[in-house]
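Residue numbers (this note's numbering): 445 to 751. Each residue gets a CB set at the ideal place from its N, CA and C atoms; glycine is no exception.
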Amino acid sequence: MTSRQRPTTLVLGTSGLGSGDEEAAVDTATALLRSEHFIDTSNIYSGGASERVLGRALSALAPEERAPAAGRILTKVDRDPETGRFDADRVLRSVEESLGRLGVEQVSLLHLHDPYVLTVREALAPGGAVSALVRLREEGVAAAIGIAAGPVPLLQRYVDSDLFDAVLCHNRYTLVDRSAASLFRDASDRGMRVFNAAPFGGDLLARGPRDGARYQYRPASAELLTWTAQAEAVCARHAVTLPAVALSLSLRADTIDGTVVGVSSPGRLDALEQLAATVIPDAVWTELDALGPAPSPIDDSGYGDDE
Ligand SMILES: NC(=O)c1ccc[n+]([C@@H]2O[C@H](COP(=O)([O-])OP(=O)(O)OC[C@H]3O[C@@H](n4cnc5c(N)ncnc54)[C@H](OP(=O)(O)O)[C@@H]3O)[C@@H](O)[C@H]2O)c1
Numbered sequence: 445m446t447s448r449q450r451p452t453t454l455v456l457g458t459s460g461l462g463s464g465d466e467e468a469a470v471d472t473a474t475a476l477l478r479s480e481h482f483i484d485t486s487n488i489y490s491g492g493a494s495e496r497v498l499g500r501a502l503s504a505l506a507p508e509e510r511a512p513a514a515g516r517i518l519t520k521v522d523r524d525p526e527t528g529r530f531d532a533d534r535v536l537r538s539v540e541e542s543l544g545r546l547g548v549e550q551v552s553l554l555h556l557h558d559p560y561v562l563t564v565r566e567a568l569a570p571g572g573a574v575s576a577l578v579r580l581r582e583e584g585v586a587a588a589i590g591i592a593a594g595p596v597p598l599l600q601r602y603v604d605s606d607l608f609d610a611v612l613c614h615n616r617y618t619l620v621d622r623s624a625a626s627l628f629r630d631a632s633d634r635g636m637r638v639f640n641a642a643p644f645g646g647d648l649l650a651r652g653p654r655d656g657a658r659y660q661y662r663p664a665s666a667e668l669l670t671w672t673a674q675a676e677a678v679c680a681r682h683a684v685t686l687p688a689v690a691l692s693l694s695l696r697a698d699t700i701d702g703t704v705v706g707v708s709s710p711g712r713l714d715a716l717e718q719l720a721a722t723v724i725p726d727a728v729w730t731e732l733d734a735l736g737p738a739p740s741p742i743d744d745s746g747y748g749d750d751e
């Protein structure tokens, strides 16, 4: 037992939703909305198609299903895809686009997404992007606001502002990289909701260490493939799979409220729920620890400095 108040939940990631056949994507979106899991999307995912497809699926649900399903959609504001502009006006326009595509009037959580075109100072300045998010929360358009990105030092700066209700970090609390651990502890201690995205590193820990495997959307090094093969052998010795263990690492963490996993089809959703139900023997964690840290490719130096 842990002291956490809220159970860690699965959150279904939709960054690829709508990038292929739109009718198949609507079927997937319907399955996700009916699953009773939270759903993570963003203004920019699949060029807006992720939100559009979720909105189409939502509008086709029975009225009694629709409101609770809409309340489980979490989205993000993004920079203007053409100009890169990411000021208060763009935040307001971004959320307007999202509400229109989703067919809703408010969202339960709205993140500032990948604000790399801004310095933290610019984002937090009066009249800047974050002030618009705060206003949207005051007006009830967003019940809560969050910061979503990768680099831990950058996220820590936003968390330190104490303006956000939630933080999302990706690829940095996995079997390969644990660099978000202190960020997650700090945010959790502040009472923020903590989301850990990409527990499979986007590929490597779901499909295993094969030629061409990727971690954090880049080719995995030979050293990382070797380490992952050793981890996979540990899992096999205890009759569990590498993805089940990778997922469990996040689901069992007492600082993480939601584990955000990319789901591209109804079949993947079923597989994910089975993985999440796998019981991992304690010896697996002991033997993985004995392998030593993985040669992680993550290097966040340079992020979060006061420019
Ligand atoms: N800055 C941010 O806010 C940010 C950044 C990154 C991610 N995210 C969120 O987090 C979500 C998850 O990230 P992610 O999708 O990049 O990484 P991920 O969840 O670590 O990995 C997803 C990948 O694993 C594969 N996979 C899942 N289950 C599998 C299974 N049972 N067998 C084989 N392969 C399996 C999927 O393959 P298929 O594609 O074939 O299904 C997909 O390519 C995103 O969708 C997004 O919502 C947010």
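Got a sec: does ligand 1 put a non-hydrogen atom nearer than 7 angstroms to the Cβ of residue 683?
Within the sequence shown, residue 683 is the residue found at index 239, counting from 1. No, the Cβ of residue 683 stays beyond 7 angstroms of every heavy atom of ligand 1.
Within a Cβ cutoff of 6 angstroms, which residues of the same chain sit near residue 447, ignoring the five residues on either side of it in sequence?
On the sequence shown, position 3 is the one that residue 447 refers to. Any reading at residue 447 must be qualified, since the residue scores a pLDDT of 40, below 50, and its modelled position is unreliable; the value itself is stated next. For residue 447, where only same-chain residues beyond five positions count, there are no Cβ hits under 6 angstroms.
In the DSSP output, what is residue 482 paired with across the bridge?
For the purposes of this step, residue 482 is taken as residue 38 along the sequence shown, with counting starting at 1. Residue 482 pairs with 455.
Using the C-alpha atoms, what's the distance from residue 539 back to residue 480?
As a working mapping, residue 480 is identified with position 36 in the sequence shown. As a working mapping, residue 539 is identified with position 95 in the sequence shown. Their Cα atoms are separated by approximately 24 angstroms.
Is any non-hydrogen atom of ligand 1 found closer than 7 angstroms to the C-beta of residue 644, if you look at the structure I gave you?
One-based indexing of the sequence shown puts residue 644 at position 200. Yes - ligand 1 has a heavy atom lying nearer than 7 angstroms to the Cβ of residue 644.
By Cβ distance below 7 angstroms, which residues in the same chain neighbour residue 743 in space, the five residues on each side in sequence not counted?
Within the sequence shown, numbered from 1, the residue matching residue 743 stands at position 299. The answer is none, since no qualifying residue turns up.
Cβ contact (3+ pairs, closer than 8 angstroms) linking the segment 458-475 and the segment 494-511:
yes
Between the alpha carbons of residue 731 and residue 688, how many angstroms are there, rounded?
Counting from 1 along the sequence shown, the entry for residue 731 is found at position 287. Counting from 1 along the sequence shown, the entry for residue 688 is found at position 244. Rounded to whole angstroms, residue 731 to residue 688 spans 16 angstroms at the Cα level.
In terms of alpha-carbon separation, which member of 598, 511, 620 and 605 lies closest to residue 670?
Against the sequence shown, residue 670 aligns to sequence position 226. Considering only alpha carbons, the answer is 620.
Through-space distance from residue 582 to residue 605, alpha-carbon basis
Numbered from its first residue, the sequence shown carries residue 605 at position 161. Numbered from its first residue, the sequence shown carries residue 582 at position 138. Those two C-alpha atoms are separated by around 17 angstroms.
Please find out if some non-hydrogen atom of ligand 1 comes closer than 7 angstroms to the beta-carbon of residue 739.
Numbered from its first residue, the sequence shown carries residue 739 at position 295. No, since every heavy atom of ligand 1 falls outside the 7 angstroms radius drawn around the Cβ of residue 739.
Cβ contact check for the segment 684-704 and the segment 720-740: 3 or more pairs under 8 angstroms:
yes
What does DSSP give as the partner residues of residue 517 in its beta bridges?
One-based indexing of the sequence shown puts residue 517 at position 73. DSSP, once it has assigned bridges, lists 483 as partnering residue 517.
Under the DSSP definition of a beta bridge, which residues are partnered with residue 499?
As a first step, residue 499 must be located in the sequence shown, where it is residue number 55. Answer by DSSP bridge pairing: none, since residue 499 is not bridged.
Residue 660: buried (16+ other C-beta within 10 angstroms of its C-beta) or exposed?
Residue 660 sits at position 216 when you count from the first residue of the sequence shown. Residue 660 comes out buried.
With 16 other Cβ atoms within 10 Å as the buried cut-off, status of residue 647
Working through the sequence shown from its first residue, we reach residue 647 at position 203. Burial call: buried.
Please specify which runs of the beta strand (DSSP E), each continuous and at least 3 residues long, are wholly inside the segment 593-673, giving them in chain order.
610-614 and 637-641
Let me know the alpha helix (DSSP H) ranges lying completely inside the segment 558-587, each 4 residues or longer, listed in chain order.
564-568 and 573-582
Could you compute how far the alpha carbon of residue 631 sits from the alpha carbon of residue 609?
For this step, residue 631 is matched to residue 187 along the sequence shown. For this step, residue 609 is matched to residue 165 along the sequence shown. Answer to the nearest angstrom: the Cα atoms are 9 angstroms apart.
Among the candidates 519, 564 and 483, whose CA atom is the shortest distance from the CA of residue 455?
Numbered from its first residue, the sequence shown carries residue 455 at position 11. For the residues 519, 564 and 483, the minimum Cα distance to residue 455 belongs to 483.
I'd like to confirm the pairing. Which residues does DSSP put opposite residue 553 in its beta bridges?
Start at 1 with the first residue of the sequence shown, and residue 553 comes out as number 109. Looking at the DSSP assignment, residue 553 forms a beta bridge with 518.
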